[in-house]
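Numbering (the numbering used here), first residue to last: 1 to 442.
Beta carbons: idealized from backbone N, C-alpha and C, even for Gly.
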């Protein structure tokens, strides 16, 4: 699916685990209301915002699919809120919850109203967001240092006194329209919106970074100003947009806690625990049904071509790309002793590939495609460059008893079990909820 991860979370929360919950009841509802979930309305105007954003990436997505995603996010958020430890989790992405909400809100509005925002910016004559400053932006290391300089031995963040001073220090003053009161941005407001790595830039008094961070904040502030003042939505519809964003973020946390969504460096204790409990019979069933997932290359028959410079290697590779046969290229250009035998490396199996780097590299090349040039890794002689052609591959199924198969199959079975837990949870919470859907808005 082409949609970004943030849009998946907001619009189609359950697509990753397959299917939508059933709908319990249809209308009647007022034309202004798309759905009610346990008495809470999702306004039709709010649905319009999410539909517009979704269709920027998926032009054919239906209004019903988007609404189902919003409804299911609301149901799952209610489960997340009911968990005692839900709000005790550390921020995994390095941003506080308010900043995560702002980031998702900005992306949603910027995507849904891309054309209208572009026109508004052009009409305003505001070439970049710093043009909205109502006073010069003065960044002084001497002024910022007392608040941002840390005791590197003892501290990793501001002291309470520094935080208070940062709250009182006005970094920028701005307005987006003559009839708008002047707005201010404090140093603390800018600082708290950064993740750990970006805060380091501020502690290092990187004025270029701070200036760019101010610019980005003003861009976000303008998008929010335009959305709230110019998009034509009521206060209740805007509040519902924010509620739907919170629902998506809470649903994401819930799925992470269930082991269904984790960052690349996260441990997944739920998956690990379930995988350890998968029985031999379950492993065998999964292996039998998904045997094609467990093939590996046993041996290859390959040839090579050796030259003594990168320039020559690139030239030969280009000639082959333009139609020169590998046979002729070896005969005309290879400097290896086996050129008379067509550059034959013979059959390379999993054991013999350890004999030399050329055999190891040839073993993993795709079949029937002349490789890009590879430079010899050795330093005990003049360097040379190799091109490889794998002419034949022999594959076989890995044994069910192998550690690799048991590990991968165990995690796959556990993943299916986690998904089933999620589907059962969604079905239960849907069954217990009071849902009313306005068929007319779809």
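- Considered as a whole, the region 116 to 150 harbours no complete run of any beta strand (DSSP E) with no fewer than 3 residues.
- Assigned with DSSP and collapsed to three states, residue 317 falls in helix.
- Between residue 387 and residue 321 a beta carbon distance of about 11 Å is seen, past the 8 Å cut, so the two are scored as non-contacting.
- With 16 or more other Cβ atoms from the protein chains shown falling within 10 Å of its own Cβ, residue 252 counts as buried.
- In this structure, the beta-carbon distance from residue 327 to residue 342 falls below 8 Å.
- With a threshold of 16 other beta carbon atoms within 10 Å, residue 146 falls short and is exposed.
- Separation of residue 38 and residue 96 (C-alpha to C-alpha, rounded to the nearest whole angstrom) is 29 Å.
- Sequence-distant Cβ neighbours of residue 336 in its own chain, meaning closer than 8 Å and more than five residues away, are 304, 305, 306, 343.
- Of the candidates 412, 151, 161, 439, the residue whose Cα lies closest to the Cα of residue 289 is 412.
- Of the candidates 32, 40, 31, 257, 40 places its Cα closest to the Cα of residue 434.
- Counting along the chain, the unbroken beta strand (DSSP E) around residue 43 starts and ends at 40 to 43.
- Here the region 349 to 369 makes no contact with the region 270 to 284; the two share fewer than three CB pairs at distances below 8 Å.
- When only Cα atoms are considered, residue 391 and residue 309 end up about 25 Å apart.
- By the CB criterion at 8 Å, residue 74 and residue 441 fall outside the cutoff.
- Taken atom to atom, the span from the alpha-carbon of residue 235 to that of residue 135 is near 31 Å.
- Contact annotation: residue 410 and residue 283 have beta-carbon atoms nearer than 8 Å.
- Bounds of any beta strand (DSSP E) do not take in residue 256; it lies within the alpha helix (DSSP H) bounded by 235 to 257.
- Residue range 344 to 349 is occupied by the beta strand (DSSP E) that includes residue 349, with no alpha helix (DSSP H) assigned at that position.
- Of 184, 83, 436, the smallest CA-CA separation from residue 250 is found for 83.
- Counted as a single uninterrupted DSSP element, the stretch harbouring residue 370 is not any alpha helix (DSSP H), since DSSP gives it neither H nor E.
- According to the DSSP assignment, residue 167 belongs to the alpha helix (DSSP H) that extends over 160 to 168.
- Within the model, the alpha-carbon separation for residue 350 versus residue 384 is close to 25 Å.
- For residue 215, DSSP assigns no beta-bridge partner whatsoever.
- Sequence-distant Cβ neighbours of residue 196 in its own chain, meaning closer than 8 Å and more than five residues away, are 94.
- Comparing C-alpha distances from residue 297 to each of 210, 131, 247, 394 shows the shortest one belongs to 394.
- When DSSP states are grouped into helix, strand and coil, residue 174 belongs to the strand group.
- Its Cα nearest to that of residue 368, the residue 389 stands out among 362, 389, 374, 348.
- The Cβ atoms of residue 232 and residue 418 lie no closer than 8 Å to each other.
- In chain order, 397 place their CB closer than 8 Å to the CB of residue 291, counting only its own chain and leaving out the 5 sequence neighbours on each side.
- For residue 77 and residue 193, the gap between their C-alpha atoms comes out near 24 Å.
- According to DSSP, residue pairing for residue 396 in a beta bridge involves 296.
- Classified as buried, residue 246 has 16 or more neighbouring CB atoms from the shown chains inside 10 Å of its CB.
- With a 10 Å radius around the Cβ and a threshold of 16 neighbouring Cβ atoms, residue 177 comes out exposed.
- Between residue 148 and residue 220 a beta carbon distance of about 22 Å is seen, past the 8 Å cut, so the two are scored as non-contacting.
- In the three-state reduction of the DSSP assignment, residue 193 falls in the coil class.
- Taking all protein chains shown into account, residue 162 has 16 or more neighbouring C-beta atoms within 10 Å of its C-beta and is therefore buried.
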